[in-house]
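Number of protein chains: 2
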Amino acid sequence: MSRVEPRTLSGFMELLPRDQVKMERIMQILRETYSLFAFTPLDTPVIEAAEVLLAKGGGETEKQIYRFQKGDSDLALRFDLTVPLAKYVAAHYGSLAFPFRRYQIGKVYRGERAQRGRFREFYQADIDVIGDGKLDIANEAEIPAIIYTAFTRLGLRRFRIKVNNRKLLNGFYALNGMSEKAQDIMRIVDKLDKVGEVKVKQMLIDELNMRPYKAENVLDFMAIRGSNDEILERLEAYRGMDETFDLGLEELRTVTRYLAAFGVPEENFAVDLTIARGLDYYTGTVYETELTDYPEIGSVCSGGRYDNLAEYYTDKQLPGVGISIGLTRLFYVLQEQGLLSEEVLTAPCDALVIPMTEDYGPAVEAATALRSAGLRAQLYTEKRKFKAKMGYADKIGVPFVVLLGEDEVAKGQLSVKNMESGEQQMLSAEQAAVLIRETIEKRNSAAPIRG
Amino acid sequence: MSRVEPRTLSGFMELLPRDQVKMERIMQILRETYSLFAFTPLDTPVIEAAEVLLAKGGGETEKQIYRFQKGDSDLALRFDLTVPLAKYVAAHYGSLAFPFRRYQIGKVYRGERAQRGRFREFYQADIDVIGDGKLDIANEAEIPAIIYTAFTRLGLRRFRIKVNNRKLLNGFYALNGMSEKAQDIMRIVDKLDKVGEVKVKQMLIDELNMRPYKAENVLDFMAIRGSNDEILERLEAYRGMDETFDLGLEELRTVTRYLAAFGVPEENFAVDLTIARGLDYYTGTVYETELTDYPEIGSVCSGGRYDNLAEYYTDKQLPGVGISIGLTRLFYVLQEQGLLSEEVLTAPCDALVIPMTEDYGPAVEAATALRSAGLRAQLYTEKRKFKAKMGYADKIGVPFVVLLGEDEVAKGQLSVKNMESGEQQMLSAEQAAVLIRETIEKRNSAAPIRG
Chain A
1 MSRVEPRTLS GFMELLPRDQ VKMERIMQIL RETYSLFAFT PLDTPVIEAA
51 EVLLAKGGGE TEKQIYRFQK GDSDLALRFD LTVPLAKYVA AHYGSLAFPF
101 RRYQIGKVYR GERAQRGRFR EFYQADIDVI GDGKLDIANE AEIPAIIYTA
151 FTRLGLRRFR IKVNNRKLLN GFYALNGMSE KAQDIMRIVD KLDKVGEVKV
201 KQMLIDELNM RPYKAENVLD FMAIRGSNDE ILERLEAYRG MDETFDLGLE
251 ELRTVTRYLA AFGVPEENFA VDLTIARGLD YYTGTVYETE LTDYPEIGSV
301 CSGGRYDNLA EYYTDKQLPG VGISIGLTRL FYVLQEQGLL SEEVLTAPCD
351 ALVIPMTEDY GPAVEAATAL RSAGLRAQLY TEKRKFKAKM GYADKIGVPF
401 VVLLGEDEVA KGQLSVKNME SGEQQMLSAE QAAVLIRETI EKRNSAAPIR
451 G
Chain B
1 MSRVEPRTLS GFMELLPRDQ VKMERIMQIL RETYSLFAFT PLDTPVIEAA
51 EVLLAKGGGE TEKQIYRFQK GDSDLALRFD LTVPLAKYVA AHYGSLAFPF
101 RRYQIGKVYR GERAQRGRFR EFYQADIDVI GDGKLDIANE AEIPAIIYTA
151 FTRLGLRRFR IKVNNRKLLN GFYALNGMSE KAQDIMRIVD KLDKVGEVKV
201 KQMLIDELNM RPYKAENVLD FMAIRGSNDE ILERLEAYRG MDETFDLGLE
251 ELRTVTRYLA AFGVPEENFA VDLTIARGLD YYTGTVYETE LTDYPEIGSV
301 CSGGRYDNLA EYYTDKQLPG VGISIGLTRL FYVLQEQGLL SEEVLTAPCD
351 ALVIPMTEDY GPAVEAATAL RSAGLRAQLY TEKRKFKAKM GYADKIGVPF
401 VVLLGEDEVA KGQLSVKNME SGEQQMLSAE QAAVLIRETI EKRNSAAPIR
451 G
């Protein structure tokens, strides 16, 4: 028979079992955290009508999109979870209660140039709060507080949620007579981290015909650094010259104050005037999240406030605020940097139950008893030598092996072997469950990321 | 602005939040059950190289597949989870321990004719056990036992896992000199439930040129009914005439005996000689699962034993046994038949925390305290009238509202209102958590399906 090479496409993450368990653990913690903060889970199709997905049209996105015909239909794979959310809220508006809070963890597709650490299929883990007509600013502080909680529960310590405000930026550009160029300026300033001040200044002058002193004004503003209070204080110097600026400053002050009230420590969030987010639909607070020790990988979690989620689908005004974790890329980086905890139990089971008699009955009973106690038990029924069976136990990394020979069956007990210590005891099924659970629980409560 | 209709493609399930919660609950129970039986979670790409996905080629599948070009690549969306598993095991053979037990719950794609209750994007929830070279028959009994456990935990009571054996069928056809037509006969006999005996007999005669007495032999065999023991007893009449038949009968006896040992009650499984499964790669035990009261919807969970999982990718002999739940279709049927429990809590949170003072501080603290106790709490910060706030609580179906007015803040307590009974009490945060948890736990332990 002629064979096909069993290859996986480049740009598509496919994990080995132990790594997959770590990924599942991370997703589970995100689901739990998002649920604790009252987000309801959503699931939308991976395929949508191209017309619907590209209602906004244009830009980089359209080039990267997976788009194809099936019969008469012009179809496309979703490239984010925000557009499907907009469609969903517009389509089901009458059935939803607002503020509508949803989370979605799902795969999205972008046919980017293949590159190490870049993925064409990747998970996003999104939360959004959508208002009907209006939405209180408290939500703009709660969103990063949720991310703080999620990251902390994952085990991350050294990260910083950077916060800025688009009204503040727009106001600043207005008071400098640069409103028309605001979008372009923000696009260029976004490169500050990558290319540095000198180059950004030159780009502002060359590409936007900006006078040198105006380019310096921009860079001076972006250079404002310090503690959150210090930055806010320095921004006061600009107050009173532009209404939008003043509104943005007020919002930034409010969000900063709430963030502290929501329990986010100062070291985990920072007002940062250089972040703007590329997308032009953000209108208020914007976020990026940096791993403190790995600034070069860019933001692992971004989002912001928008005034009109679904303008391409409905005339309803639907303001909202949301944030998205680029989960596949985050996982990739954590794996590359050796930051995934080895403490987490990645074996497919907690106990491998090996019958040593012809009749599997007692082994089946033992496995059933362990499962009733909430433990993951595997019955090993292959006819192999004892050594091969123990080799299998080693290979899957199971913490306990349960042996059922004639002795054990006669006594109605189990021999329980701790695979790490090598210690073996004869116990009742109940005692075995208690012993195994103790060890398991310690490891299952470990955070999946080494902070 | 010209608007696009926010439509979802036909054949794609998109659930409202409350239904989505029920679906998530079902998926969670499947994940838990599969994990208890020591299956490790896998996740493979939705897109694969068409060449890889269609290595086996031909048949109905190829017509239904979503296949498209992107750049130079000929791509396709997976149409089941078995082919990706075969690819995975072949590609990662050296890194896996055998028997390799994996579960996967994921979306698959088939561009079928749009039809009520038929889906083009649907979830399958699969388990498979793969051996290296050989695999003990005990696994063929454990698989339906796991499905029994899963269905029972979901709340289903009236279902029957139907079991047959392909060696038994092949042997029967051989001893009747019909081996060459075995595949075609099985395909036609598969229609027994739909078109009845008379028509099947005619089809056997017309389409396969079968002599009438031979067609009757086939139908007599298929007509064997009774308790499992009775059927096995009647099959003894054929013993000794064909080796493959005898082997199949032995396997069926073994599987039936083990199934009882695994704790599956007789009413939930049945030897049924009419089931064969269309796919020609099954070689031993085969399964179909019928909802007793809805036989017309066909099998909701099917699978079987195969000798060679990945022959298109590797020369390694990889026998296995697996089963797949058609989750989207099952959910659709349960929904249509009103079998989804209303007991399950579908609100996005357990408590809606409403601050009644300017300062949200105490409300944030209360929400945080509830979350620390594992409860899902939503802080309501919109500036609306009290009545509108309570209307929102009603609309989302939240079981408890927590009010924080000046009185409560002064006393350091919370007013907790049970939205079902209307009862309101002033309590400490700890007391509130206890009260809320009691009500919640009862509902959260409810099975998602009314059996």
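As given, the protein sequences belong to chains A and B, one line each in that order. Each residue of the first sequence is one higher than the one before, starting from 1 at the first, in my numbering. Each residue of the second sequence is one higher than the one before, starting from 1 at the first, in my numbering. Beta carbons are placed, not taken as given, at the ideal position from N, Cα and C, and that holds for glycine.
Residues bridged to residue i (per DSSP)
i, result
"Met426(A)", "Ser415(A)"
"Asn165(B)", "Thr285(B)"
"Leu291(B)", "Phe159(B)"
"Gly40(A)", "For the sequence presented, residue 40(A) should be read as Thr rather than Gly. DSSP, once it has assigned bridges, lists Arg102(A) as partnering Thr40(A)."
"Arg67(B)", "Ala76(B)"
"Gly304(A)", "Val286(A) and Gly322(A)"
"Ile354(A)", "Leu403(A)"
With 16 other Cβ atoms within 10 Å as the buried cut-off, status of residue i
i, result
"Phe159(B)", "buried"
"Gln425(A)", "exposed"
"Phe386(A)", "exposed"
"Val83(B)", "buried"
"Asn209(B)", "exposed"
"Met222(B)", "buried"
"Lys181(A)", "buried"
"Ala114(B)", "exposed"
"Lys63(B)", "exposed"
Neighbour flag for residue i against chain B, beta carbons, 7 Å
i, result
"Pro16(A)", "Going by the sequence as given, residue 16(A) is Leu instead of Pro. Chain B contact via Cβ: present."
"Thr44(A)", "yes"
"Val402(A)", "no"
"Gln202(A)", "no"
"Gly322(A)", "no"
"Ile361(A)", "For the record, residue 361(A) in the displayed sequence is Gly; it is not Ile. Yes, Gly361(A) counts as interfacial toward chain B."
"Ala76(A)", "no"
"Cys349(A)", "yes"
"Ile449(A)", "no"
"Leu154(A)", "no"
"Arg384(A)", "no"
Simplified DSSP assignment, three categories, for residue i
i, result
"Gly320(A)", "strand"
"Ala215(B)", "helix"
"Gln335(B)", "helix"
"Ala310(B)", "coil"
"Asp126(B)", "strand"
"Leu17(A)", "For clarity, residue 17(A) is Pro in the given sequence; the question names Leu instead. Note: Pro17(A) maps to helix in three-state DSSP."
"Lys107(B)", "strand"
"Thr274(B)", "coil"
"Glu180(A)", "helix"
"Ala86(B)", "helix"
"Ser35(A)", "helix"
"Val398(B)", "coil"
"Val4(A)", "coil"
"Ser445(A)", "coil"
"Gln378(A)", "strand"
"Glu420(A)", "coil"
"Glu121(A)", "strand"
Residue-level contact to chain A via CB, residue i, 7 Å cutoff
i, result
"Lys63(B)", "no"
"Ser10(B)", "no"
"Lys376(B)", "With the sequence shown as reference, residue 376(B) is identified as Arg, and Lys is not the correct amino acid for it. Interface residue, yes."
"Phe245(B)", "no"
"Arg443(B)", "no"
"Arg437(B)", "no"
"Arg257(B)", "no"
"Asp19(B)", "no"
Segment contact, 8 Å Cβ cut-off, at least three pairs: the region 2-22 of chain B with the region 430-440 of chain A: no
So, do the region 159-171 of chain A and the region 196-211 of chain A have three or more beta carbon pairs nearer to each other than 8 Å? no
So, does the region 221-235 of chain A touch the region 272-281 of chain A, judging by three or more C-beta pairs under 8 Å? yes
Counting pairs of beta carbons, one from the region 293-306 of chain A and one from the region 326-333 of chain A, are three or more of them closer than 8 Å? yes
Can you find at least 3 beta carbon pairs, one from the region 340-347 of chain A and one from the region 94-113 of chain B, that sit closer than 8 Å? no
Using 8 Å as the cut-off, can you tell me whether the region 127-135 of chain A makes contact with the region 235-245 of chain A, which would need three or more C-beta pairs spanning the two stretches below that distance? no
Check whether the region 142-159 of chain A touches the region 284-293 of chain A, counting contact only when three or more Cβ pairs, one atom from each stretch, lie closer than 8 Å. yes
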